[in-house]
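Encoded as structure tokens, the structure appears first; notes follow it.
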Amino acid sequence: MFRRLFLKYKKRKLYKSFGAVGEKVQIHESCIFNHNANIYFGNNISIQRNCAFSGHGGIVVGNGTILAHCVEVFSGEHNYNSDDLQFLPFDERFICGKVEIGNYVWIGSHVVILPGIKIGDGAVVGTGAIVTKDVPELAIVGGNPARILGYRDREVFNRLRNNDKSFIKYKR
Numbered sequence: 003m004f005r006r007l008f009l010k011y012k013k014r015k016l017y018k019s020f021g022a023v024g025e026k027v028q029i030h031e032s033c034i035f036n037h038n039a040n041i042y043f044g045n046n047i048s049i050q051r052n053c054a055f056s057g058h059g060g061i062v063v064g065n066g067t068i069l070a071h072c073v074e075v076f077s078g079e080h081n082y083n084s085d086d087l088q089f090l091p092f093d094e095r096f097i098c099g100k101v102e103i104g105n106y107v108w109i110g111s112h113v114v115i116l117p118g119i120k121i122g123d124g125a126v127v128g129t130g131a132i133v134t135k136d137v138p139e140l141a142i143v144g145g146n147p148a149r150i151l152g153y154r155d156r157e158v159f160n161r162l163r164n165n166d167k168s169f170i171k172y173k174r
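Per this note's numbering, the sequence shown starts with residue 3, numbered consecutively.
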């Protein structure tokens, strides 16, 4: 019982550290976050175990989005190749780029999302993908680097979105 109370306290403290957290946001206790004030979560989101979020440049996760285990989201990277580089192999400055993950996005396990990326509504990012470029709405991407493999059915997606049929919202 003490462990359950401690985890509840720890989760409440974590959620307060974010820029914003919507309703019914499930974050596994093994996830790692930094620069939390720059991280914003919508409603009905599930983030599975061992995910990592680097919020240097800001991260926004839209409603109804699911991230499988071991997803890494980076919104900043070390400065390693500028005219005024101060140290090797990199200096202590970060190059930041906001990451925007749209509504009803499904991100598979072991995906890496790099700084400055925008993933459109309804996109699916396949397991193991390295996302180096923006992902269009409803695109299905995979690979390293991630490339478009196909698109979801727009009519079905719009019907479900218009009725807010978020999996996490209705999951028991």
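Positions of the beta carbon are idealized from the N, C-alpha and C atoms, including for glycine.
Please go through the same chain and pick out, in chain order, the residues whose beta-carbon is closer than 6 angstroms to the beta-carbon of residue i, but skip the five residues on each side of it.
i       : result
Gly-104 : Gly-64, Ile-121, Gly-122 and Asp-123
Val-75  : Phe-55, Ile-61, Val-101 and Ile-115
Gly-128 : Gly-110 and Gly-144
Ile-29  : Ile-49
Gly-152 : Ile-142
Pro-154 : Just to set this straight, residue 154 is Arg in the shown sequence, not Pro. Excluding residues within five positions, the ones whose Cβ falls inside 6 angstroms are Gly-124 and Leu-140.
State the CB to CB distance for the pair residue i and residue j, rounded to an integer number of angstroms; the pair is presumed to be in contact (CB under 8 angstroms).
i       : j       : result
Ile-60  : Ser-77  : At residue 60 the sequence reads Gly, which differs from the Ile that was named. 6 angstroms between Cβ atoms; contact.
Ala-70  : Ile-109 : 6 angstroms
Val-113 : Val-137 : Their Cβ separation, rounded to whole angstroms, is 11 angstroms, which puts Val-113 and Val-137 out of contact at 8 angstroms.
Asn-38  : Ser-19  : 4 angstroms
Ile-41  : Gly-21  : 6 angstroms
Arg-95  : Asn-81  : 4 angstroms
Alpha carbon to alpha carbon, what distance is there between residue j and residue i?
i       : j       : result
Arg-163 : Lys-171 : 12 angstroms
Cys-2   : Asp-85  : Residue 2 cannot be examined here, being either before or after the span of the chain that is shown, 3 to 174.
Gly-144 : Val-107 : 14 angstroms
Phe-159 : Gln-88  : 49 angstroms
Arg-156 : Glu-139 : 9 angstroms
Ser-168 : Ser-32  : 24 angstroms
Cys-72  : Val-27  : 17 angstroms
Asp-166 : Gly-44  : 13 angstroms
His-58  : Pro-117 : 9 angstroms
Pro-91  : Asn-36  : 22 angstroms
Ile-97  : Lys-15  : 28 angstroms
Asp-93  : Ala-131 : 28 angstroms
Ile-68  : Val-126 : 10 angstroms
Arg-51  : Arg-161 : 31 angstroms
Lys-13  : Ile-150 : 36 angstroms
Considering only residues of the same chain and omitting the five flanking positions on each side of residue i, which have a CB-CB separation below 8 angstroms?
i       : result
Lys-177 : Nothing can be reported for residue 177: it is not among the residues displayed for the chain, which extend from 3 to 174.
Say whether chain C places a C-beta atom closer than 8 angstroms to the C-beta of residue i.
i      : result
Arg-95 : As a matter of chain content, chain C is missing from the structure shown, which is built from one protein chain.
Taking 7 angstroms as the limit between beta carbons, can you name the residues of its chain near residue i, skipping five residues before and five after?
i      : result
Tyr-17 : Val-23
Gly-99 : Gly-59, Ser-77, Pro-117 and Gly-118
Just to confirm the assignment: which complete beta strand (DSSP E) runs, minimum length 3, are found wholly within the stretch 123-159? 141-144 and 149-153
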